[in-house]
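Chains as they are written, first to last, in the working numbering: chain Y, 186 to 530; chain E, 186 to 530. One structure is given below, encoded as structure tokens.
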DNA sequence: TTGTATGCGTTATCAA
DNA sequence: TTGATAACGCATACAA
């Protein structure tokens, strides 16, 4: 039995004035008698009047809400992105509808469809492929759209990314600097981020005059609970003389560290390991894990900022930006050897 | 320049029929001529017509949306809750507006206020205190409300919780079973969950005929990045003869394990350690950490289920349920001693 | 200073 | 079988 919320009409009736006057009084309009204004405000307070959000939206044609399609909410990086998005939204008076897609194309499509019905003023989206058609429809409807984390070049939108290739390059270069010569690459899945990180890896290896060895490059298909890629990293570690590993996620790097203990290889002495993302576990694990910072919070803030700016300035911007959030290598114990010092951040 | 989305009126004009007929045709009403129906459907498809969500909401007085006030989105447990909530919502045709409150009372209050304007059909809320007044207003407005994780007894609502006292009891009892006699308790903050877990701890200790020793009970105020409570657990470990520790979070338990290495105490041989929540890190860390499962996903599913049921059956239910999601002790290396065996889950 | 009428997009009711 | 009209709650242009 839903009790009907009080409306300006109810207030007007009780005061024998029209709804418009109530509306104006509540908006503190200068055209309204201060006596009646006072009465209205008092009554509104008494009944704890709240304007109906849906009516406001219908009339203003804006919902003050954005949609966020995010691959995973149980994830340190994406969680940070979401927190950044929400922080900026909150300070701009916006709300977020969150659609965790769990990397399922069907969920992505149904999310995009839901957002095409005018329930949000804009969309934040991590592009995972397979949804091109629906994204196109979104853009055709002129619904502001900003990509984060991954983007499709073919769409004219703002993008907020990290430079994955550069990050992969820097991580690999760091391994080379601490003396690694036979460096393995282990990636979680063959998505675009990991492909770019692999390109960076290849560039760094080539620049160092080392031949790229395909048997050192592994994509793990491990979809187990923790996705540590234990089996695949074991295989990688069996390559003779391997003395460095770049893993595209911290979890995979930890999987490597675990396997190292089993086969009695010492890290960092025998083999240096670097991960990716700077998750809590990289700080906590022993040995602590060198990694590449992936600033999710900043990415979320920036993406929300660009989106809301675009919502507020609806004339189609001619200059779509690709914002690259800076990353950096964080050196910890797992690569602390040679003339390098471990920072225990 | 926001392109106006197409409406049933537009379609009607083009076909020289009224909006009502279009509406009926789209609803596949049997009262409409199959010829015109066909035309309408075709045109709607051609223009990719989507009914305006806001108008639908205003007219039906329901938004098919729920609000979720959640303390933290960068958090394995709450992330799982959110995933569960979203999964159930998705399969019931609902969307979620997420308000991460970051434990900030102001954010909680502004979230609740935002939800009082009719933009959601119901609210999911983890009660953190200090917002009693606003929650009361929510209830007075007959907005369906379900508590998860923590609840305030004074409100008549459904609740989805774990039995924290029992969980604390079982964790401590497990330590006793593996031979611990002088057991420390370390909790992250003095919130209601931790207080209940402490009660369980006390009960188990007392039942074992051990006197409760206040110096063995510590609440850490560590608000550092990782909240491992390193300093406080160090203090606790300095108590002579301590041979078991129950930490109310896995992160704190890991902090204990780290400190043990420093002072050359062996786990589980010299001291047994059990955490709480069954986070990924408890499986990954070495030694692997015994812990108490805290089923966030199930909690989210159940909470969303109760809320949406209540939304669909608006007559005020007389029997508010308190659903306790079952928990269990997960035994790993950190307590594997005596006649116990480590399960490496 | 206030009231009336209109529109936002849709469905439902009533009339034709 | 279809159309006109009201209603959802609000803001605003126009009339008084």
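Think of the CB as a built atom: it goes at the ideal place given N, C-alpha and C, for glycine as much as any other residue.
*Would you decide whether residue 193 of chain E is buried or exposed? Buried here means 16 or more other CB atoms lie within 10 Å of its CB.*
Within the second chain, the letter at position 8 stands for residue 193 of chain E. The residue is buried, with at least 16 neighbouring Cβ atoms inside 10 Å.
*Mind checking who residue 280 of chain E pairs with in its DSSP beta bridge?*
Stepping through the second chain from its first residue, residue 280 of chain E is reached at position 95. In DSSP, residue 280 of chain E forms a bridge with E:250.
_Quick check: what's the CA-CA separation for residue 213 of chain E versus residue 240 of chain E?_
Along the second chain, one-based indexing puts residue 213 of chain E at 28. Along the second chain, one-based indexing puts residue 240 of chain E at 55. About 20 Å.
_DSSP bridge partner residues for residue 372 of chain Y (one or two, in chain order)_ = Translated into the one-based positions of the first chain, residue 372 of chain Y becomes position 187. Bridge partners of residue 372 of chain Y: Y:404.
*Can you grab the Cα-Cα spacing for the pair residue 140 of chain E / residue 234 of chain E, in whole Å?*
Outside the shown range of chain E, which is 186 to 530, sits residue 140 of chain E, and nothing can be said about it.
*With DSSP run on the structure shown, which of helix, strand or coil describes residue 391 of chain E?*
Along the second chain, read from residue 1 onward, the residue named residue 391 of chain E stands at position 206. Three-state DSSP puts residue 391 of chain E in a helix.
*Skipping 5 residues on each side, what residues in its chain have a beta carbon closer than 7 Å to that of residue 277 of chain E?*
Counting from 1 along the second chain, the entry for residue 277 of chain E is found at position 92. 493.
*asked:* Please list the terminal residues of the continuous beta strand (DSSP E) segment that includes residue 344 of chain E.
replied: For the purposes of this step, residue 344 of chain E is identified with residue 159 of the second chain, where counting begins at 1. Per DSSP, residue 344 of chain E is one residue of the beta strand (DSSP E) stretching across 343-347.
*Kindly indicate if chain E contains any beta-carbon less than 7 Å away from that of residue 235 of chain Y.*
Within the first chain, residue 235 of chain Y is the residue found at index 50, counting from 1. Yes, contact with chain E.
*Taking the alpha carbon of residue 337 of chain E as the point to measure from, which residue in E:348, E:317, E:352 has its own alpha carbon closest?*
Taking the first residue of the second chain as 1, we reach residue 337 of chain E at position 152. It is E:317.
*asked:* For residue 422 of chain E, would you say it is in contact with chain Y, using Cβ-to-Cβ distances shorter than 7 Å as the test?
replied: Here residue 422 of chain E refers to the residue found at position 237 of the second chain. Chain Y, which has no Cβ nearer than 7 Å to the Cβ of residue 422 of chain E, makes this no.
*Neighbour list for residue 261 of chain E in chain Y, Cβ cutoff strictly below 7 Å*: Taking the second chain and counting its residues from 1, the one referred to as residue 261 of chain E is at position 76. Here the neighbours are 259.
_If distances are taken between C-alpha atoms only, which option among Y:433, Y:436, Y:346, Y:458 comes closest to residue 422 of chain Y?_
What you label residue 422 of chain Y is simply residue 237 of the first chain in a count that begins at 1. It is Y:458.
*Would you mind reading off the limits of the beta strand (DSSP E) that contains residue 431 of chain Y?*
If you number the first chain from 1, residue 431 of chain Y lands on position 246. Counting along the chain, the beta strand (DSSP E) containing residue 431 of chain Y begins and ends at 429-432.
*Quickly, what does DSSP pair residue 333 of chain Y with across the bridge? List them, please.*
For the purposes of this step, residue 333 of chain Y is taken as residue 148 along the first chain, with counting starting at 1. Beta-bridge pairing links residue 333 of chain Y to Y:345.
*Take the Cβ of residue 478 of chain E as the centre, count every other Cβ of all protein chains shown within 10 Å, and call the residue buried at 16 or more, exposed below.*
Numbered from 1 along the second chain, position 293 holds the residue referred to as residue 478 of chain E. Buried, by the Cβ-count rule.
_Residues of the stretch 268-286 of chain E with Cβ closer than 8 Å to any Cβ of chain Y, in chain order_ = 268, 271, 275, 280, 281, 282, 283, 284, 285
_Whole-number beta carbon distance between residue 369 of chain Y and residue 424 of chain Y, since they are thought to touch under 8 Å_ = Here residue 424 of chain Y corresponds to residue number 239 of the first chain, with the count starting at 1. Here residue 369 of chain Y corresponds to residue number 184 of the first chain, with the count starting at 1. At roughly 7 Å, the Cβ-Cβ gap stays under 8 Å, so residue 424 of chain Y and residue 369 of chain Y are in contact.
*State the start and end residues of the unbroken beta strand (DSSP E) segment that holds residue 457 of chain E.*
Position 272 of the second chain, counting from 1, holds the residue named residue 457 of chain E. Element bounds for residue 457 of chain E: 457-459.
_Test: residue 255 of chain Y CB closer than 7 Å to a CB of chain E_ = To locate residue 255 of chain Y, count along the first chain from 1; it is residue 70. Taking Cβ atoms only, chain E never reaches closer than 7 Å to residue 255 of chain Y, which makes this a no.
_Quick check: is the beta carbon of residue 239 of chain Y nearer than 7 Å to any beta carbon in chain E?_
Numbered from 1 along the first chain, position 54 holds the residue referred to as residue 239 of chain Y. Yes, its Cβ sits closer than 7 Å to a Cβ of chain E.
_Euclidean distance between Cα positions of residue 200 of chain Y and residue 221 of chain Y_ = Working through the first chain from its first residue, we reach residue 200 of chain Y at position 15. Working through the first chain from its first residue, we reach residue 221 of chain Y at position 36. Rounded to whole angstroms, residue 200 of chain Y to residue 221 of chain Y spans 9 Å at the Cα level.
*Indicate the three-state DSSP secondary structure (helix, strand or coil) for residue 476 of chain Y in the structure shown.*
In the first chain, the residue the question calls residue 476 of chain Y occupies position 291. Three-state result, residue 476 of chain Y: strand.
*Any idea if residue 271 of chain E is buried or exposed, counting beta-carbon neighbours within 10 angstroms, 16 or more meaning buried?*
Mapped onto the second chain, residue 271 of chain E falls at position 86. With 16 or more Cβ atoms within 10 Å of its Cβ, residue 271 of chain E is classed as buried.
*In DSSP terms, what residue 509 of chain E is bridged to*: By one-based count along the second chain, residue 509 of chain E stands at place 324. Paired residues: E:346.
*asked:* Quick check on residue 529 of chain E - is its C-beta less than 7 Å from some C-beta in chain Y?
replied: Here the question's residue 529 of chain E lines up with position 344 in the second chain. In this predicted model, residue 529 of chain E has a pLDDT of only 38, less than 50, meaning its place in the structure is not dependable; the value taken from the coordinates is given anyway. Cβ-Cβ to chain Y under 7 Å: no for residue 529 of chain E.
_Proximity to residue 342 of chain E [Cα-Cα], best of E:502, E:455, E:514, E:510_ = Along the second chain, read from residue 1 onward, the residue named residue 342 of chain E stands at position 157. When each option's Cα is compared against that of residue 342 of chain E, the closest is E:502.
*Minimum Cβ-Cβ distance from residue 301 of chain Y to chain E less than 7 Å*: Mapped onto the first chain, residue 301 of chain Y falls at position 116. With respect to chain E, the C-beta atom of residue 301 of chain Y has a partner C-beta closer than 7 Å.
_Suppose contacts are defined by Cβ-Cβ distances below 7 Å. Is residue 434 of chain Y in contact with residue 373 of chain Y by that definition?_
Mapped onto the first chain, residue 434 of chain Y falls at position 249. Mapped onto the first chain, residue 373 of chain Y falls at position 188. Yes, these two residues count as a Cβ contact at 7 Å.
_For chain Y, check one thing: does any of its Cβ atoms lie closer than 7 Å to the Cβ of residue 265 of chain E?_
Within the second chain, the letter at position 80 stands for residue 265 of chain E. Yes, because at least one Cβ of chain Y sits closer than 7 Å to the Cβ of residue 265 of chain E.
*asked:* Does the stretch 281-297 of chain E come into contact with the stretch 352-359 of chain E, if we say contact requires no fewer than three beta-carbon pairs (one atom in each stretch) closer than 8 Å?
replied: Cβ pair count under 8 Å is below three, so no.
*Proximity below 7 Å, CB of residue 367 of chain E to CB of residue 296 of chain E*: Against the second chain, residue 367 of chain E aligns to sequence position 182. Against the second chain, residue 296 of chain E aligns to sequence position 111. No.
*Min CB distance residue 304 of chain E to chain Y below 7 Å*: The sequence position of residue 304 of chain E within the second chain is 119, counting from 1. At a cut-off of 7 Å, the C-beta of residue 304 of chain E has a neighbouring C-beta in chain Y.
*Spatial neighbours of residue 412 of chain E within its chain, please: CB distance less than 7 Å, with the 5 preceding and 5 following residues excluded, ordered by chain position.*
By 1-based counting over the second chain, the position of residue 412 of chain E is 227. Closer than 7 Å at Cβ, skipping near neighbours: 373, 436.
_Alpha-carbon to alpha-carbon, residue 451 of chain E and residue 527 of chain E_ = Residue numbering aside, residue 527 of chain E sits at position 342 when the second chain is read from its first letter. Residue numbering aside, residue 451 of chain E sits at position 266 when the second chain is read from its first letter. Confidence at residue 527 of chain E is low in this model, with a pLDDT of 41, below 50, so its placement is unreliable and no value can be given for it.
*Is any beta-carbon of chain E found at less than 7 Å from that of residue 456 of chain Y?*
In the first chain, the residue the question calls residue 456 of chain Y occupies position 271. Residue 456 of chain Y does not count as touching chain E.
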